[in-house]
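Enquirer: Top line first, the protein sequences correspond to chains U and Y.
Residues 242 to 599 in my numbering are what the first sequence lists, from first letter to last.
Residues 38 to 467 in my numbering are what the second sequence lists, from first letter to last.
Every residue gets a Cβ at the ideal spot worked out from N, C-alpha and C, and that includes glycine.
One structure, pasted below without further comment.
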Amino acid sequence: MLYREAGDFKTNYVADSQTFPIKFDRYGYYFLLGFAFLVMPLIINDYWANSIVVPFLIYTIAALGLNILIGYCGQLSLGTGAFMAVGAYASYKLMTAFPELNIVFVVVFAGIVTAAVGVLFGLPSLRIKGFYLAVATLAAQFFLIWLFTRQPWFYNYSPTGMISAPQRELFGVAVTGPRASAVAMYMFCLCFLVSLAWLARNLTRGTLGRQWMAIRDMDIAAEIIGVNPLMAKLTAFAVSSFFVGIAGALLFTVYLGAAEAGEAFGIDKSFLVLFMVIIGGLGSIFGAFAGAAFLIIGPVLLKLLLVNTLGWPTDLAAHLEIMIIGALILGFLILEPHGIAALWRTIKEKLRLWPFPY
Amino acid sequence: MKMRRLATAFVATMIAAAPTLADTLHFPSLSYRTGPFAAGGIPFADGYSDYLTLINERDGGIGGVPIRQSECETAYNTERGVECYQSIRGDNPLVLQPLSTGITYQLIPRTIEDGIPMHTMGYGRTSALNGEVFNWTFNYPANYWDGASVIINYLLEENGGALDGKKIVLLYHNSAYGREPIPTLTRLAERHGYELLTIGVDSPGQEQGSQWLQIRRERPDYVVMWGWGVMNPTAIQEAANIRFPMENFIGVWWSGSQQDVLPVGAGAHGYKALAMHGTGMDYPIYADMQRYVIDTGKQAGTGAEVGTVLYSRGMYAAMLAVEAAKKAQEIHGVAAITPAMMRDGMANLEITEELMAELGLPNFGPAFSVSCQNHGGSGAAMIQQWDANAGEWNLITDWIQPDRELIMEMAMEDSLAFAAENNMTPACLN
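Following this line, the structure appears as structure tokens:
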């Protein structure tokens, strides 16, 4: 009733192949975009921007990247934390070596550097599959973190081994450093997220995305029908690492301001992003958003509820938070193994038939 | 019905982020009672909170204005530390004490921008000594470079004034915290002619087999440790396993509390550590603490930690904060002080032996004064040794002074580099 295709006629091919063919979806998307760009900057306060929305936007980019690799191309990776670190350290080296360089280019170049590193560590995927590939990418995680904590060139020989982001401006407004306002940080990350999500959506609908999915579903069959596995796997690693690298660069420059490889980009980061992808839904753009929202916003809201509203002791709340999030993850995986995205699909099906289900 | 209740809770959660401003002095505590470093975080947070409760219960607050405490769990994680900072920065926090060098590095630029004083007692960025650059950051009464220098001065004294040809290993937590003393120890190695070997342990530090194998092979004369959390008992256990002479094993003040040595049992006997303040229950303040806080059931923890090293340190941190607040009230003649006034109080703080005695803590900490040029106090520390049979720490030296001239010189270099990076002109605020 509310949500249906009937009566929504397409008269040309462009209209028929658009991303959101259903009118209700399309208007919902436009409304969300308008809300995010026009209304949010006016109503958001510092605390919400800094501790909830900005990390959500950044982790969504990382989840989008990993989703391309795991969800669309079927290559399991446990090196996400390290690839984020590559993005962060690349942006740091670029910012300090070329102080005049615009911050947008710094972030994009950091993504490109990470893409190159990702391709390098993606080479084993041509020979090994599944869990064995996961172990190979785990090696990337440990090797890269070792490199960033033990090789002083990467942190400009600073005595503590910490890297810190200097202030950079965009159109005269500070977007990194302590002077950056919450709204500037929010808008900066939002622009990156929207353009990258648009890119991911269109890549996965096109030739490249179909090649990835063919490899994921059955690599031998894909090879027989003419998909080049070398190109498909390596492009998946490159695009995925590009996204993850941008997320790492944004996390360091915009959100954290100062970071240390071992602490900020450890193995737990890899698992965090992996859980986002699995809980959100493998092979779904919406899933990346849903998974990041679940794992980033969930704990903060729970903390606000337990500590600030109910006044419970902080340690009890912290332990409960781990238990509740863990139970929710288990519950989700049992009730809906395909993630929140599948749940959303079911809801859409139901809405289509409502109020006359058969 | 259930939905409505959920919705109400949700709305209440949204509103909760808004500050409640009243005539109170807000002392937030960025604590960590969970995670691999909780063993150190819990007693410190309890000591900090109990002293503030005591001031409220006994004196009715500071200058008649009651203290309001708040706590935020960081789990020693920088990301959560930033989240905590964002949640309290609009709530007039008088002083921040993150108890984490990593979080300190992230908060220094933000606190400068927001005008909130931060006190990093015995940790944090050493070059915050230079108050002309770091107007809002204080690290009195001692910092890591002081600690490193005090250890070397102690070893010099033990060895008749010369360390030529000695081999010293620095076993450090591979983080901003553990790497902090390396520049000082390297500079001092050039001066005194000892050989320095640095060996890092990755966080959290439960795996140290290869490091101690290396130490056994190198046969150093001394091992100096910059450890925290589970790294400390693991290292002491490993040292006991390879029969390293415990009296030649010296930890920084963060590696010298009961929970570090007790798990090792008799093997830890003779282990030494720095002490930046006294320990134990032999101070008159504990009579008041018992009467006003513990007997009335208002203590923050279970009470088992009272009097331990890190509990004492939390109490000491709270005491210095309260004295700074009194100083600020005195300077500005206002009882309900703001963070900016608190900063003035900290920058002009003066702790004398008479004052310590008056507070019920005679000879607990060093006498020192803070000025704009020196945010670091005296830097003196003592050496304590663990007696496993009696189960207590014994102070074996008096206050040992660090090589402050060298430290000041290095702090100037580092702080001026920071100022240049951030386009700041060094100047005093008042």
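My output table needs one value for residue 245 of chain Y: the three-state DSSP class, helix, strand or coil.
Expert: Residue 245 of chain Y falls in the coil class under three-state DSSP.
Enquirer: Since residue 403 of chain U meets chain Y, which of its residues come closer than 8 Å, beta carbon to beta carbon?
Expert: 139, 142, 213
Enquirer: Let me know if residue 160 of chain Y comes out buried or exposed under the rule of 16 or more other beta-carbons within 10 Å of its beta-carbon.
Expert: buried
Enquirer: With DSSP collapsed to three states, give me the class of residue 64 of chain Y.
Expert: strand
Enquirer: Counting only the same chain and skipping the five closest in sequence on each side, list residues whose C-beta sits under 6 Å from that of residue 283 of chain Y.
Expert: The residues are 307, 308.
Enquirer: Under 7 Å Cβ to Cβ from residue 258 of chain Y, same chain only, skipping five residues before and after it: list those, please.
Expert: 203, 204, 205, 285
Enquirer: Output the distance between the C-alpha atoms of residue 145 of chain Y and residue 506 of chain U, rounded to the nearest integer angstrom.
Expert: Approximately 21 Å between the Cα atoms of the pair.
Enquirer: Does residue 420 of chain U have its Cβ less than 9 Å from a Cβ in chain Y?
Expert: yes
Enquirer: Residue 541 of chain U CB to nearest chain Y CB: under 9 Å?
Expert: yes
Enquirer: Write down the C-beta distance between residue 208 of chain Y and residue 222 of chain Y rounded to the nearest angstrom, noting that I regard them as a contact closer than 8 Å.
Expert: Their Cβ separation, rounded to whole angstroms, is 12 Å, which puts residue 208 of chain Y and residue 222 of chain Y out of contact at 8 Å.
Enquirer: Which whole-angstrom value is the C-beta distance of residue 305 of chain Y and residue 419 of chain Y, which I expect to be below 8 Å?
Expert: Between residue 419 of chain Y and residue 305 of chain Y the Cβ distance is about 19 Å, and since that is not below 8 Å, they are no contact.
Enquirer: Quick one: residues in its chain with C-beta nearer than 8 Å to the C-beta of residue 247 of chain Y, no 5 flanking neighbours on either side, listed in chain order?
Expert: none
Enquirer: Beta-carbon within less than 6 Å of residue 384 of chain U's beta-carbon, same chain only, minus the 5 sequence neighbours each way: which residues are those?
Expert: none
Enquirer: Against residue 393 of chain U, what residues of chain Y qualify as contacts under a CB-to-CB distance less than 8 Å, listed in chain order?
Expert: Going along chain Y, no residue has its Cβ under 8 Å from residue 393 of chain U, so there is no contact; the nearest lies around 10 Å.
Enquirer: Check whether the Cβ of residue 292 of chain U lies closer than 9 Å to any Cβ atom in chain Y.
Expert: yes
Enquirer: Taking the runs of the beta strand (DSSP E) that are 3 residues or longer, which of them lie wholly in the segment 385-446 of chain Y?
Expert: 419-424, 429-432
Enquirer: I need the straight-line Cα distance from residue 247 of chain U to residue 593 of chain U, nearest angstrom please.
Expert: 10 Å
Enquirer: CA-CA distance, residue 257 of chain U and residue 269 of chain U?
Expert: Spanning the two alpha carbons is a distance of roughly 18 Å.
Enquirer: Is there a Cβ from chain U that is less than 9 Å from the Cβ of residue 54 of chain Y?
Expert: At residue 54 of chain Y the pLDDT is 43, less than 50, meaning the model places this residue with poor confidence; the figure from the coordinates comes in the next sentence. It does; some Cβ of chain U falls within 9 Å.
Enquirer: Measure the Cβ-Cβ separation of residue 479 of chain U and residue 360 of chain U and say whether it is below 9 Å.
Expert: yes
Enquirer: Going by beta-carbon coordinates alone, are residue 29 of chain Y and residue 267 of chain Y separated by less than 9 Å?
Expert: Any question about residue 29 of chain Y goes unanswered here, given that chain Y covers just 38 to 467.
Enquirer: So, helix, strand or coil for residue 234 of chain Y, using DSSP?
Expert: In the structure shown, residue 234 of chain Y sits in a strand (DSSP, three-state: E or B).
Enquirer: Cβ of residue 421 of chain U within 9 Å of Cβ of residue 518 of chain U?
Expert: no
Enquirer: List the residues of chain U whose Cβ lies closer than 8 Å to the Cβ of residue 123 of chain Y, in chain order.
Expert: 287, 288, 291, 292
Enquirer: Listing by chain order, which chain U residues have their CB less than 7 Å from the CB of residue 219 of chain Y?
Expert: 400
Enquirer: Can you tell me whether residue 437 of chain U is buried or exposed, with buried defined as 16 or more other CB within 10 angstroms of its CB?
Expert: buried
Enquirer: Closer than 8 Å by beta-carbon distance: list the chain U residues that pair up with residue 244 of chain Y, in chain order.
Expert: Within chain U, no residue comes near residue 244 of chain Y; the closest Cβ sits about 13 Å away, beyond 8 Å.
Enquirer: If you draw a straight line from the alpha carbon of residue 339 of chain Y to that of residue 92 of chain Y, how long is it in whole angstroms?
Expert: 19 Å
Enquirer: Where does residue 597 of chain U sit, in a helix, a strand or coil, going by DSSP?
Expert: When secondary structure is reduced to three states using DSSP, residue 597 of chain U falls in the coil class, being assigned neither helix nor strand.
Enquirer: Counting only beta-carbon separations shorter than 9 Å, does residue 345 of chain Y have a partner in chain U?
Expert: no
Enquirer: Provide the residue(s) that pair with residue 133 of chain Y in DSSP beta bridges, ordered along the chain.
Expert: Y/155
Enquirer: For a test of the three-state rule: what should DSSP assign to residue 473 of chain U, helix, strand or coil?
Expert: helix
Enquirer: Hey, residue 581 of chain U and residue 532 of chain U are a contact pair by Cβ (cut 8 Å); roughly how many whole angstroms apart?
Expert: Contact holds; Cβ gap of about 7 Å.
Enquirer: Where does residue 585 of chain U fall in DSSP's three states?
Expert: helix
Enquirer: Counting along the chain, where does the beta strand (DSSP E) carrying residue 106 of chain Y start and finish?
Expert: 104-110
Enquirer: Are the CB atoms of residue 476 of chain U and residue 453 of chain U nearer to each other than 9 Å?
Expert: Contact flag set, yes.
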